[in-house]
Amino acid sequence: MLGEIHSIHHEFPEHHARIDDLARNDPGFRSQIQEHDKLDKQIRGLELRESPIGDEEMEALKRHRLQLKDQILKRLLNGA
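Pasting the structure below:
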């Protein structure tokens with residue numbers, strides 16, 4: 011669905027406290043969250059404005075967002 015919010019807090023509400031704790035104490039984790047959420051905002055903006063971007067470019071952005079999301083979830087679940 012176009013324009014859906016996929017921020018990390020929105021995607022993983024059950025991990026809200028852990029996300030906040032890691033973001034406060036781990037600059038690398040915080041950076042990943044910021045990159046993911048910035049990319050999500052960019053994708054949403056492109057979708058809502060129907061900005062000129064090719065399908066392949068959009069899919070590449072979405073794949074990158076998904077890779078970041080997977081890395082973040084692994085970190086949340088593994089505690090490492």
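For any residue, its number in my numbering is found by taking its place in the sequence shown, counting from 1, and adding 10.
Just so it is clear, CB atoms sit at the ideal spot from N, CA and C, and this is done for glycine as well.
The three-state secondary structure of PHE39, taken from DSSP, is helix.
Counting the other CB atoms within 10 Å of its CB gives LEU58 a total below 16, which places it among the exposed residues. In this structure, ILE29 lies away from LEU78, with their beta-carbon atoms at least 9 angstroms apart. Within a 10 Å sphere around the beta-carbon of ILE82 sit 16 or more other beta-carbons, which makes this residue buried.
Put simply, of ASN35, PRO37, GLU45 and ARG34 the residue whose alpha carbon is nearest the alpha carbon of SER17 is GLU45.
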